[in-house]
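Engineer: Before anything else, here's the structure in question.
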Amino acid sequence: MSAESLTPSPATLEKVKKPWREVFAVYAEPATLRMLLLGFSAGLPLLLVFGTLSFWLREAGINRTTIGYLSWVGLAYAFKWVWAPLVDRMPIPVLTKLLGRRRSWLLVSQIVIISALIGIGLTDPRLALTPVVWCALAIAFGSATQDIALDAYRIESADTDRQAALAAAYQTGYRIAMIWAGAGALWIAARAEVTGVVGYQQGAWQTAYWVMAASMLLGVTTVLLSPEPAIRLIPPARNAAEWLKSALIEPFADFLRRYGKQAILILALIAIYRISDVVMGIMANPFYVDMGYTKDEVAAVTKIYGVIMTLVGAFVGGVLAMRFGVMRVLMLGAVLSAASNLLFAWLTTRGHDVMGLTFVISADNLSSGIASAAFIAYLSSLTNINYSATQYALFSSMMLLLPKFLAGYSGKYVDAFGYGNFFTATALLGLPVLVLVWLAARSQKIAHQPEHSGEISKESIPITNNENSFVEVWRGNAGLGLTYWGYGVTGGAVWGLMISLVQTTENKTVTIIMGTLFTVYMIVIHVGIWRAASKYQGQKDRALLAKFIVVFTAASVALAIAFG
Numbered sequence: 022m023s024a025e026s027l028t029p030s031p032a033t034l035e036k037v038k039k040p041w042r043e044v045f046a047v048y049a050e051p052a053t054l055r056m057l058l059l060g061f062s063a064g065l066p067l068l069l070v071f072g073t074l075s076f077w078l079r080e081a082g083i084n085r086t087t088i089g090y091l092s093w094v095g096l097a098y099a100f101k102w103v104w105a106p107l108v109d110r111m112p113i114p115v116l117t118k119l120l121g122r123r124r125s126w127l128l129v130s131q132i133v134i135i136s137a138l139i140g141i142g143l144t145d146p147r148l149a150l151t152p153v154v155w156c157a158l159a160i161a162f163g164s165a166t167q168d169i170a171l172d173a174y175r176i177e178s179a180d181t182d183r184q185a186a187l188a189a190a191y192q193t194g195y196r197i198a199m200i201w202a203g204a205g206a207l208w209i210a211a212r213a214e215v216t217g218v219v220g221y222q223q224g225a226w227q228t229a230y231w232v233m234a235a236s237m238l239l240g241v242t243t244v245l246l247s248p249e250p251a252i253r254l255i256p257p258a259r260n261a262a263e264w265l266k267s268a269l270i271e272p273f274a275d276f277l278r279r280y281g282k283q284a285i286l287i288l289a290l291i292a293i294y295r296i297s298d299v300v301m302g303i304m305a306n307p308f309y310v311d312m313g314y315t316k317d318e319v320a321a322v323t324k325i326y327g328v329i330m331t332l333v334g335a336f337v338g339g340v341l342a343m344r345f346g347v348m349r350v351l352m353l354g355a356v357l358s359a360a361s362n363l364l365f366a367w368l369t370t371r372g373h374d375v376m377g378l379t380f381v382i383s384a385d386n387l388s389s390g391i392a393s394a395a396f397i398a399y400l401s402s403l404t405n406i407n408y409s410a411t412q413y414a415l416f417s418s419m420m421l422l423l424p425k426f427l428a429g430y431s432g433k434y435v436d437a438f439g440y441g442n443f444f445t446a447t448a449l450l451g452l453p454v455l456v457l458v459w460l461a462a463r464s465q466k467i468a469h470q471p472e473h474s475g476e477i478s479k480e481s482i483p484i485t486n487n488e489n490s491f492v493e494v495w496r497g498n499a500g501l502g503l504t505y506w507g508y509g510v511t512g513g514a515v516w517g518l519m520i521s522l523v524q525t526t527e528n529k530t531v532t533i534i535m536g537t538l539f540t541v542y543m544i545v546i547h548v549g550i551w552r553a554a555s556k557y558q559g560q561k562d563r564a565l566l567a568k569f570i571v572v573f574t575a576a577s578v579a580l581a582i583a584f585g
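Numbering (our numbering), first residue to last: 22 to 585.
Right, dumping it as C-alpha cells:
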C-alpha cells in the first residue's frame with residue numbers, strides 16, 4: 022500500500038450523508054472517550070500561561086504593556102513544528118519500549134508541565150519576573166510537545182470518517198479543562214486567601230497552580246491506561262542525513278507533492294483561519310475589567326457559561342461536518358467567528374451590561390466551537406498517516422504564528438484607537454478567510470470533477486429534484502441552507518451593529534470606511550448566493566433567486582432593527 026493510499030482524498034470531505042444513528046454512535050466509542058480525557062490534559066495548560074496568568078500578573082501590579090508582550094510566550098505553540106520531527110521519529114529510551122512512540126512522548130510532556138506548574142507556584146512576580154517567564158516557557162513548551170504527540174495519536178487512532186467526532190471530543194475535553202483552568206483557578210485562589218488580609222496574596226496563587234498541577238494527573242492516568250495506536254513501523258535511520266530527510270524533508274515534500282499548486286492556497290487558509298479570534302482574545306480580559314465587570318461575573322459568564330457554549334458549538338460542528346461535509350461547516354464557522362467580534366464592538370456601547378455580555382459570549386463561543394471542530398477535521402484530512410505528527414504540527418503552528426505575533430501589539434492598538442475600533446478591525450481580518458475557504462472548496466470540486474464530463478460531480482454537490490421550490494432547496498440541501506442561514510443572521514446582526522456604531526462613534530471617517538466595506542461585503546454575499554444557487558439548481562432560476570433574496574433581505578432588515 023502506497024503512502025498516498027493512506028491519505029484521504031479531499032473529495033472524501035464531501036462524501037457524507039450518513040444515518041443519524043451512526044453519526045451519534047461514534048461519540049460512545051472508547052477512542053472518542055479517551056480523546057475526551059486527553060483533550061482535558063491538552064487544554065489545561067493554555068489558560069495557565071495566558072488568561073489566568075495575566076490575571077495573576079495584573080493583580081501583582083505588573084503593567085499591561087509587559088503582560089501583552091508576555092503573550093508571546095504562546096509562540097512556542099507556533100514553532101512546535103521545529104521539534105515535531107523529533108516527536109515523530111525519535112524514541113525515548115526505556116519509555117518507548119514500554120509504552121510505544123506516541124504514549125511515551127505524551128507522558129514525558131505531561132511530566133514537564135506538572136513540574137513547571139509546581140515551579141511557577143513557588144515564584145512571586147512582584148519580587149522577580151524572570152523565574153515566572155522561564156516557568157511559563159516550560160509550561161508552553163511542554164504543552165506544545167503534548168499537542169504534537171496527541172494530534173498524531175488522534176489521527177492514528179481512527180479512520181477519516183471518525184476524525185470529526187474525535188475532534189469534537191477533543192474540543193469538549195479541552196474546553197472543560199479551560200473552565201477548570203480559568204474559573205476554577207480563580208475560584209481556588211479567591212478561597213485560598215487569608216481572611217482579613219487585603220490585597221495581593223502570593224500563597225493563594227501558589228495553591229491554585231499546585232491544584233492545577235495535580236489535575237494534570239488525569240492525563241497521565243489516561244495515557245498509561247490507553248493502547249498505543251496500531252501504526253506502520255518505520256525502520257531506524259542509518260545516519261543523520263537520512264534521519265533529517267525522512268523526518269523533516271519528506272513530510273513537507275509529501276504534502277507539496279500530493280496537493281501541488283493547491284498547497285499554497287491550503288497553507289494560506291491555515292495561516293489566517295483563526296486570526297480574528299486569536300488577535301481579539303488577548304484583549305478580552307482587560308476589556309472586561311475596564312468595562313467594570315466583577316471577577317464573579319467574568320468567571321461565571323466567560324469561563325463557565327462561555328465554555329459550555331463552546332462545547333455545544335464543538336458538538337454541533339462535529340455532527341454537521343460528518344453529516345454535510347467539512348468545507349461547508351468551515352465556511353459557516355468563518356462567517357460566524359468574524360461576525361461575533363462585531364458583537365464585542367456593539368458591547369462597548371452598552372457599558373456594564375451582564376445580559377449583553379451573556380448574549381455576546383453565547384454567540385462568540387458557539388461560533389468558535391463550530392469553527393474549531395470543522396477546522397481540526399480539515400487539518401486532519403490533509404495529513405499523511407506516515408508523517409502525521411510533523412505535518413499536523415506544521416499546520417497547527419501556522420494557524421497560530423501570524424495571529425499570535427499580531428496579538429502582541431493588541432494592547433497598543435486599543436490604547437490608540439479604543440476597544441470598539443479594535444474589535445471591528447479584528448472582524449475585518451476575517452473577511453479574507455471567507456475568500457480562501459471558498460477558493461479551497463472550489464479547487465477541490467474542480468480537482469475531482471469527472472474527466473469525461475464538463476458537469477460538476479454529483480458526489481461533491483447535491484442537486485435537488487425540485488427546481489422551483491425554495492422549501493425544497495432548503496430541505497434538499499441542508500448544508501447550503503445552513504450556510505445561507507448563517508449569512509442571513511450575521512448579515513442582519515452586522516447591519517444592526519453598523520447602525521449602532523454610526524449613532525455612537527465620533528469618528529465619522531471610520532464610520533464611512535466601515536459602511537463602505539460592509540456594503541461591498543453584502544454585495545459579494547448576494548453575488549455568491551446567485552452563483553451557488555445556479556450551480557446547485559443546475560440552471561439560473563430567477564424566480565427562486567428572487568424569493569430567496571427577498572427572505573434574506575427581510576431577515577437582515579429585521580435583525581438590523583433589533584440590534585440597532
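Just so you know, even glycine gets a beta-carbon here, dropped at the ideal spot from N, CA and C. Predicted, not measured: the structure shown is a model, and the values here were computed from it.
Please check the pair Leu54 and Ile160, which I expect to be a contact at CB under 8 Å, by giving their CB distance rounded to whole angstroms.
Structural biologist: With a Cβ gap of about 26 Å, Leu54 and Ile160 do not count as contacting.
Engineer: Just list the alpha helix (DSSP H) runs in the region 162-225, keeping only unbroken ones of 4 residues or longer that don't cross its boundaries, in chain order.
Structural biologist: Entirely contained in the region 162-225, the alpha helix (DSSP H) runs reaching 4 residues are, in chain order, 184-200 and 206-212.
Engineer: Name the residue from Leu67, Leu238 and Ala173 whose alpha carbon lies nearest to the alpha carbon of Ile200.
Structural biologist: Taking only the C-alpha atoms, the option nearest Ile200 is Leu67.
Engineer: From Gly313 to Arg79, what distance separates their C-alpha atoms?
Structural biologist: Roughly 15 Å between the two C-alpha positions.
Engineer: Where does Glu249 fall in DSSP's three states?
Structural biologist: It is coil, neither helix nor strand.
Engineer: Three-state secondary structure (DSSP) at Gly507?
Structural biologist: The pLDDT assigned to Gly507 is 48, lower than 50, so where the model puts this residue is not dependable; a value taken from the coordinates is nonetheless given after this. Reduced to three states, the DSSP call for Gly507 is helix.
Engineer: Tell me whether Thr369 sits in a helix, a strand or coil according to DSSP, three-state version.
Structural biologist: Note: Thr369 maps to coil in three-state DSSP.
Engineer: For my contact list, Pro152 and Val299 are in at a C-beta cut-off of 8 Å; report their separation, rounded to the angstrom.
Structural biologist: Rounded, the Cβ-Cβ distance is 27 Å, inconsistent with contact.
Engineer: Run the CB neighbour count on Arg278, radius 10 Å, all protein chains shown included, and call it buried at 16 or more, exposed below.
Structural biologist: Exposed, because fewer than 16 other Cβ atoms sit within 10 Å of the Cβ of Arg278.
Engineer: Rounded to whole angstroms, what is the Cα-Cα separation between Leu503 and Leu353?
Structural biologist: Note that Leu503 scores a pLDDT of 43, beneath 50, so its modelled location is shaky and nothing firm can be said.
Engineer: Is Val81 helix, strand or coil when you go by DSSP?
Structural biologist: In the sequence as displayed, the identity of residue 81 is Ala instead of Val. Ala81 falls in the coil class under three-state DSSP.
Engineer: Quick check on Pro106: buried or exposed, where buried means 16 or more other Cβ atoms within 10 Å of its Cβ?
Structural biologist: Buried, since its Cβ has 16 or more Cβ neighbours within 10 Å.
Engineer: Going by alpha carbons, who is nearest to Leu96 out of Leu421, Val347, Val454 and Leu239?
Structural biologist: Nearest option by C-alpha distance: Leu421.
Engineer: Which same chain residues, not among the five before or five after Asp168, have their C-beta less than 8 Å away from its C-beta?
Structural biologist: For Asp168, where only same-chain residues beyond five positions count, the Cβ hits under 8 Å are Ala63, Tyr98, Lys101, Ala414 and Ser417.
Engineer: Return the residue from the list Ser383, Val375 and Tyr399 that minimises the CA-CA distance to Gly339.
Structural biologist: Taking only the C-alpha atoms, the option nearest Gly339 is Tyr399.
Engineer: Write down the C-beta distance between Leu246 and Met56 rounded to the nearest angstrom, noting that I regard them as a contact closer than 8 Å.
Structural biologist: At roughly 14 Å, the Cβ-Cβ gap does not stay under 8 Å, so Leu246 and Met56 are not in contact.
Engineer: If you reduce the DSSP assignment to three classes, tell me which class Thr28 lands in.
Structural biologist: Here the model assigns Thr28 a pLDDT of 44, short of 50, so the residue's position is not dependable, and the following value carries that caveat. Coil, per DSSP.
Engineer: Trp208 and Ala320: beta carbons closer than 9 Å?
Structural biologist: Yes, they are a contact pair.
Engineer: Here's a check: name, in chain order, each residue in its chain whose Cβ is nearer than 7 Å to the Cβ of Val381, leaving out the five neighbours to either side.
Structural biologist: Leu364, Phe365 and Leu368.
Engineer: Closest to Phe426 by C-alpha separation, out of Arg295, Ala149 and Ser402, would be which residue?
Structural biologist: Comparing Cα positions, the closest option is Arg295.
Engineer: Report the three-state DSSP secondary structure of Phe345 (helix, strand or coil).
Structural biologist: Helix at Phe345.
Engineer: I need the boundaries of the alpha helix (DSSP H) containing Leu450, first residue and last residue.
Structural biologist: Taken as a continuous stretch (DSSP letters only), Leu450 belongs to no alpha helix (DSSP H), as it is neither H nor E.
Engineer: Alpha carbon to alpha carbon, how far is Asp172 from Gly121?
Structural biologist: Roughly 15 Å between the two C-alpha positions.
Engineer: By a C-beta neighbour count over all protein chains shown, 10 Å radius and 16 as the cutoff for buried, is Ala235 buried or exposed?
Structural biologist: By the neighbour-count rule (16 or more Cβ atoms within 10 Å), Ala235 is not buried but exposed.
Engineer: Considering only C-alpha positions, which residue in the set Val333, Met301 and Tyr90 is nearest to Ile391?
Structural biologist: Here the closest residue by C-alpha is Val333.
Engineer: Do the CB positions of Ala394 and Ala335 come within less than 9 Å of each other?
Structural biologist: Taking 9 Å as the Cβ cut-off, Ala394 and Ala335 qualify as a contacting pair.
Engineer: Among Ile287, Leu119, Val94 and Ile197, which has the Cα closest to the Cα of Ala462?
Structural biologist: The shortest Cα separation from Ala462 among Ile287, Leu119, Val94 and Ile197 belongs to Ile287.
Engineer: In this structure, how does DSSP classify Ile160 when only helix, strand and coil are distinguished?
Structural biologist: If DSSP states are grouped into helix, strand and coil, Ile160 belongs with the helices.
Engineer: State the DSSP-derived secondary structure class of Pro152, mapped to helix, strand or coil.
Structural biologist: Here Pro152 sits in helix by DSSP.
Engineer: Run the CB neighbour count on Arg110, radius 10 Å, all protein chains shown included, and call it buried at 16 or more, exposed below.
Structural biologist: Buried is the call here.
Engineer: If you draw a straight line from the alpha carbon of Gly439 to that of Ala448, how long is it in whole angstroms?
Structural biologist: Approximately 15 Å between the Cα atoms of the pair.
Engineer: Determine, using beta carbons only, whether Val454 and Phe443 come nearer to each other than 9 Å.
Structural biologist: Cβ atoms of Val454 and Phe443: not closer than 9 Å.
Engineer: Going by C-alpha distance, which of Thr144, Asn362, Gly60 and Ala165 is nearest Gly441?
Structural biologist: The candidate whose alpha carbon is nearest that of Gly441 is Asn362.
Engineer: With 16 other CB atoms within 10 Å as the buried threshold, where does Leu238 fall?
Structural biologist: So Leu238 ends up on the exposed side.
Engineer: With a floor of 4 residues, list each alpha helix (DSSP H) that falls wholly inside the region 354-437, ordered by position along the chain.
Structural biologist: Listed in chain order, they are 375-403 and 409-428.
Engineer: Indicate whether Gly240 and Leu450 have their beta-carbon atoms separated by less than 9 Å.
Structural biologist: For Gly240 and Leu450, no; Cβs fall outside 9 Å.
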